[in-house]
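A.B. asks: Take this structure first; my questions come after.
Numbering (the working numbering), first residue to last: 14 to 476.
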């Protein structure tokens, strides 16, 4: 009984397998034309398992052949090369119908299809049909973006871009950027880019971009991209030198007039306009503008820590000595010293500062400094006299720094002493100060003098 069940089970399994094979054949059978169906072999012989299995094998082969042929012919008619190198079994995969359909859609872009058609057979050999379809779908989905490269004039460049895209070396985003670069190069240089020049495109585009950023123009005509790149490199370097020169000068004048806004631009014309604005403002604000220009042209400004302060100092010096020429670092030192001396004279309100410069030029600075040195000696003497007269007259000591007030107060003290001592009091004071070695005074003047300084003597001698 068990043996019989096993035999029947085996038979049933075999029948199921035959049934499944027959169902598969039925799907393929529906794809055949009526004429192809009529040519299929008919079943003959005993209706047993062996005969039925043999017939189904013959039928399967007969059904497959027309389908394979039809699919292969469809690829050949589309212009796909290398189809004859594909194994027949490849065409048994129903997914190849989708391959054929996508390829028909890609024919809408002839340039792209021409490149793709040469790749299909190798792709099918190296990958599965589903894998090939996945690649083709990506290409189809981006076909409208890819068509935009037709704006490019160079045929070599268009083929290069599509070839790189199909090989997976360029994404559609990279193509967009590269296309824009190529269009810019073609427009600016009026050149058709050759295949051998394609590697120069990015560098040339960067040169054009930098030249435009600097506000330069491309006026020369070039015969090829290689010559253009060399020529543009020279244009760029020339513009960069101009930019550096203008920017350096702007930096110089901005230190003197920092409230003028200068945009963060590399455009030479924009910066040149700002430079003129800066210089006009400084020309109006500083009488020393011409000397400041000398300072810049001589490249001496790095020796000055605060240019704005120096410009104000220079203005003051020029108001007294207008013919200044700065040619060296030593001249800068002279200007500083002149400013210090003039400022001191102004602080003490010396009344004849301009007269000190009469007949003098910038090169005569030593003569001026000698005059100021004499004034300082006189000033110190006046300060000592003031102190001496205040003590002799026993008045409250008063600090007086202004030169005219100092002179006036001393004159007042002299008149008072003259009234108390007599007209010859000054030689006596000179003797006490050590300016004279002997006393020169009449008896009455001497008596009045001693009477006047008697309190001081008693205080000093503690009598």
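All C-beta atoms, glycine included, are put in the ideal place defined by N, C-alpha and C.
(1) Which residues in the same chain have their Cβ closer than 6 Å to the Cβ of residue 192, if we skip the five residues on either side of it in sequence?
(2) Report the CB separation of residue 138 from residue 176 in whole angstroms; it is logged as a contact under 8 Å.
(3) With the cut-off set at 7 Å, would you say residue 227 and residue 256 are in Cβ contact?
(4) Report yes if the CB atom of residue 3 is closer than 7 Å to the CB atom of residue 165, and no otherwise.
(5) Between residue 259 and residue 283, what straight-line distance do the alpha-carbon atoms span, to the nearest angstrom?
(6) Taking the CB atoms as reference points, tell me whether residue 345 and residue 375 lie closer together than 7 Å.
(7) What does the Cβ neighbour count give for residue 8, buried or exposed, with the cut at 16 atoms within 10 Å?
(8) In three-state DSSP terms, what is residue 406?
(9) State buried or exposed for residue 301, treating a residue as buried only when at least 16 other CB atoms are found within 10 Å of its CB.
(10) Tell me whether residue 229 sits in a helix, a strand or coil according to DSSP, three-state version.
(11) Could you tell me whether the stretch 168-182 touches the stretch 195-210, where touching means 3 or more Cβ pairs closer than 8 Å?
(12) What residues in its chain sit with their C-beta under 8 Å from that of residue 360, if we drop five residues either side in the sequence?
(13) When we look at the beta-carbon of residue 51 and count the other beta-carbons within 10 Å, is it buried (16 or more) or exposed?
(14) In terms of alpha-carbon separation, which member of 268, 242, 254, 122 lies closest to residue 314?
(15) Around the C-beta of residue 408, are 16 or more other C-beta atoms found within 10 angstroms, so that it is buried, or is it exposed?
(16) Measuring alpha carbon to alpha carbon, tell me which residue in 88, 432, 149 is nearest residue 115.
(17) Figure out for me which residue from 390, 412, 389 has the closest Cα to the Cα of residue 400.
(18) Is residue 280 helix, strand or coil by DSSP?
(19) Taking all protein chains shown into account, do 16 or more other C-beta atoms lie within 10 angstroms of the C-beta of residue 398, making it buried, or fewer, making it exposed?
(20) Given a threshold of 16 other Cβ atoms within 10 Å of its Cβ, counted over all protein chains shown, does residue 354 qualify as buried or as exposed?
(21) When the Cα atoms are used, what is the spatial distance from residue 297 to residue 324?
(22) Any chance you could list the alpha helix (DSSP H) runs of at least 4 consecutive residues sitting entirely within the stretch 349-419, in chain order?
(23) Going by beta carbon distance, what residues of the same chain come within less than 7 Å of residue 241, once the five residues before and after it are set aside?
(24) What does a CB cutoff of less than 8 Å around residue 158 pick up in its chain, not counting 5 residues either side in sequence?
(25) Could you check whether residue 104 and residue 117 sit closer than 7 Å to each other, using their CB atoms as the reference points?
(26) Please report the straight-line C-alpha distance between residue 304 and residue 311, rounded to a whole angstrom.
(27) Determine the DSSP secondary structure at residue 311, reduced to helix, strand or coil.
(28) Which residues in the same chain have their Cβ closer than 6 Å to the Cβ of residue 384, if we skip the five residues on either side of it in sequence?
C.D. replies: On the basis of the data shown:
(1) To locate residue 192, count along the chain shown from 1; it is residue 179. Result list for residue 192: 162, in chain order.
(2) Stepping through the chain shown from its first residue, residue 138 is reached at position 125. Stepping through the chain shown from its first residue, residue 176 is reached at position 163. That pair is no contact at about 20 Å.
(3) The count along the chain shown starts at 1 and reaches residue 227 at position 214. The count along the chain shown starts at 1 and reaches residue 256 at position 243. In contact: residue 227 and residue 256 (Cβ atoms closer than 7 Å).
(4) What the structure shows of the chain is the stretch from 14 to 476, and residue 3 is not part of that stretch, so it cannot be assessed.
(5) Position 246 of the chain shown holds residue 259. Position 270 of the chain shown holds residue 283. Taking the straight line from one Cα to the other gives about 10 Å.
(6) For the purposes of this step, residue 345 is identified with residue 332 of the chain shown, where counting begins at 1. For the purposes of this step, residue 375 is identified with residue 362 of the chain shown, where counting begins at 1. For residue 345 and residue 375, no; Cβs fall outside 7 Å.
(7) With the chain covering 14 to 476 only, the question about residue 8 has no answer from this structure.
(8) Counting from 1 along the chain shown, the entry for residue 406 is found at position 393. Three-state DSSP puts residue 406 in coil, outside helix and strand.
(9) As a working note, residue 301 is residue 288 in the chain shown. By the 10 Å Cβ count, residue 301 comes out buried.
(10) As a first step, residue 229 must be located in the chain shown, where it is residue number 216. Looking at residue 229 - three-state DSSP - the assignment turns out to be coil, as it is neither helix nor strand.
(11) yes
(12) To locate residue 360, count along the chain shown from 1; it is residue 347. 414, listed in sequence order.
(13) Position 38 of the chain shown, counted from the first residue, corresponds to residue 51. Unreliable positioning characterises residue 51 in this predicted model, as indicated by a pLDDT of 49, which lies under 50. The coordinate reading is nonetheless provided below. Looking at its Cβ environment, which holds fewer than 16 other Cβ atoms inside 10 Å, residue 51 is exposed.
(14) Locating residue 314 in the chain shown gives position 301, where the first residue counts as 1. Residue 314 has its Cα closest to that of 268, out of 268, 242, 254, 122.
(15) As a first step, residue 408 must be located in the chain shown, where it is residue number 395. Residue 408 comes out exposed.
(16) As a working mapping, residue 115 is identified with position 102 in the chain shown. Among 88, 432, 149, the Cα nearest to that of residue 115 is on 149.
(17) Counting from 1 along the chain shown, the entry for residue 400 is found at position 387. Nearest of 390, 412, 389 to residue 400, Cα basis: 412.
(18) Indexing the chain shown from 1 puts residue 280 at position 267. Three-state DSSP puts residue 280 in coil, outside helix and strand.
(19) Sequence index remark: in the chain shown, residue 398 carries index 385 (1-based). Looking at its Cβ environment, which holds 16 or more other Cβ atoms inside 10 Å, residue 398 is buried.
(20) Looking up residue 354 in the chain shown gives position 341. Label assigned to residue 354: buried.
(21) Mapped onto the chain shown, residue 297 falls at position 284. Mapped onto the chain shown, residue 324 falls at position 311. Their backbone Cα atoms lie some 13 Å apart in a straight line.
(22) 366-369, 378-405
(23) To locate residue 241, count along the chain shown from 1; it is residue 228. Hits under 7 Å: 202, 204, 217, 235.
(24) As a first step, residue 158 must be located in the chain shown, where it is residue number 145. 185, 188, 189, listed in sequence order.
(25) For the purposes of this step, residue 117 is taken as the residue at position 104 of the chain shown. For the purposes of this step, residue 104 is taken as the residue at position 91 of the chain shown. Contact: no.
(26) The residue you call residue 304 lines up with position 291 of the chain shown. The residue you call residue 311 lines up with position 298 of the chain shown. Using only the alpha carbons, I get a separation of about 10 Å.
(27) Against the chain shown, residue 311 aligns to sequence position 298. Here residue 311 sits in coil by DSSP.
(28) Here residue 384 refers to the residue found at position 371 when the chain shown is read from its first residue. If we look at residue 384 and ignore the five residues flanking it on each side, its Cβ neighbours are 369.
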